[in-house]
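Inspection log for the structure reproduced underneath, given as structure tokens.
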Amino acid sequence: MKAEEIVFKLLGNKRLARKSKAQAFAPANIALCKYWGKRDICLNLPINSSLSLSLGNYGACTEISLTNGSQNIIVLNGKTVPTEEKFFQRLSAFLSLVIPERFFYINTNANIPIGAGLASSACGFAALVLALNDLFAFKLPAKKLSILARLGSGSATRSLWHGFVEWHAGTDPEGMDSYAEPLPITWPNLNFGLLILDPTPKHISSSNGMEHTKLTSPLYTAWPEYAKNVLAQLKQALLKKNFTRLGTLSEQCALAMHALTQTASPPIIYSKAKTLQAMHKIIQARKDGLEIYFTQDAGANIKLLFLDQDASAVKKLFPELIRIRPFHVEH
Ligand code: PMV
């Protein structure tokens, strides 16, 4: 089924702007159980379900309005994005899918590095979908908004909420059962630490990376079942507030995903020397009694998981760390 038909199923003919501009914020999210591999490339339907934690006030704020011009104007962090850039083309393709034959002025401010494995596309597309929902008064329920965001970027489907979010892979070829939902669990003393080791954009996009991995890694056949188990165990760890389990499972799941990319042919190695150094430092710190874990997405940067009580020890170990308390969101 084509993406256009799914959009029609979601929106019908609601394509009339109801106000002159709209604005929305969406947090970035980091997967603890990773999404890696698509069962449908065009609709961003995943092979496995995944679970993420949003980054509180870190994300993207997007303002949109219609223009009478003949192309979109996209401004990112104060700079106009050239039309030949991939980012421009991706966003424009999504806009013409949702609202064909109209053009927009889009002003996005993101307070996380773009394209460096910090879930910038997730919050970008989620904020855009929320702003479109407002501008055109789609009045879509959360489940449908999540499906619409998924058509922009898979992980965007999880960026509509704060806290823990589960994305159900679903089995429907049209993807109507592939959407995310927030989990009713809060964990106020849980922290993320962002370690920006390399702010440059990743060399292979997540989409290309996962497809290449799926087609060429001999380990990929084990992934769907493995990810299913991780998800079930992570949910148990959340219910029991078992930080050791949460950290151990999250770290292992990230390493398993990178084992897939590294055994693809040719291999994809997202880590840099600094990434490995930081990982060794974390593993040693743990041996020395500091309970700290890491996760890594399709980029060289890593994110740490730790509890409030260890915040100053972690900061001493990594002074450059950006500390995020996902459950302390300022509105
Ligand atoms: O949604 P995408 O295409 O940016 O892919 C996201 C892939 C990972 O960040 C590595 C994993 C995840 O579940 O977010």
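My numbering applies: residue 8 is where the sequence shown begins, and numbers increase by one. Here a beta-carbon is modelled for each residue, glycine too, at the ideal position from N, C-alpha and C. Remember, it's a predicted structure, so these values are computed and weren't measured experimentally.
| Query | Result |
| --- | --- |
| Please say whether Leu-324 and Ile-290 have beta carbons closer to each other than 9 Å? | no |
| If you check the beta carbons only, do Trp-43 and Met-286 fall under 9 Å apart? | no |
| Can you check whether the CB of Ala-187 is closer than 9 Å to the CB of Ser-153? | yes |
| Of all the beta strand (DSSP E) runs that stay within the bounds of the stretch 96 to 140, which reach a length of 3 or more residues? | 110 to 117 |
| Would Ser-166 pass as a contact of Ala-29 if the rule is Cβ separation under 9 Å? | no |
| Classify Glu-258 as buried or exposed, calling it buried when 16 or more other Cβ atoms lie within 10 Å of its own Cβ. | buried |
| Compute the Euclidean distance between the alpha carbons of Glu-181 and Pro-107, then round it to the nearest angstrom. | 21 Å |
| How far does the beta strand (DSSP E) with Trp-174 in it reach, from first residue to last? | 171 to 174 |
| Can you tell which of Leu-83, Lys-281 and Ala-266 has its C-alpha closest to the C-alpha of Ile-275? | Ala-266 |
| How is the alpha helix (DSSP H) around Lys-281 delimited, first residue to last? | 280 to 294 |
| Flag Asp-47 as yes when its Cβ comes closer than 8 Å to any non-hydrogen atom of the ligand PMV, and as no otherwise. | no |
| Return the Cβ separation of Leu-102 and Asn-79 in integer angstroms, given the expectation that the two are a contact with Cβ distance under 8 Å. | 6 Å |
| Is DSSP giving Pro-274 helix, strand or coil here? | coil |
| Applying the 10 Å Cβ sphere with the 16-neighbour rule, what's the burial state of Pro-333? | buried |
| Tell me, to the nearest whole angstrom, how far the beta carbon of Ser-61 is from that of Ala-35; I am working on the premise that it is less than 8 Å. | 7 Å |
| Please report the residue range of the alpha helix (DSSP H) in which Thr-268 lies. | 250 to 269 |
| Tell me the DSSP secondary structure of Ala-31 in three-state form. | strand |
| Mind checking Val-88: buried by the 16 CB within 10 Å criterion, or exposed? | buried |
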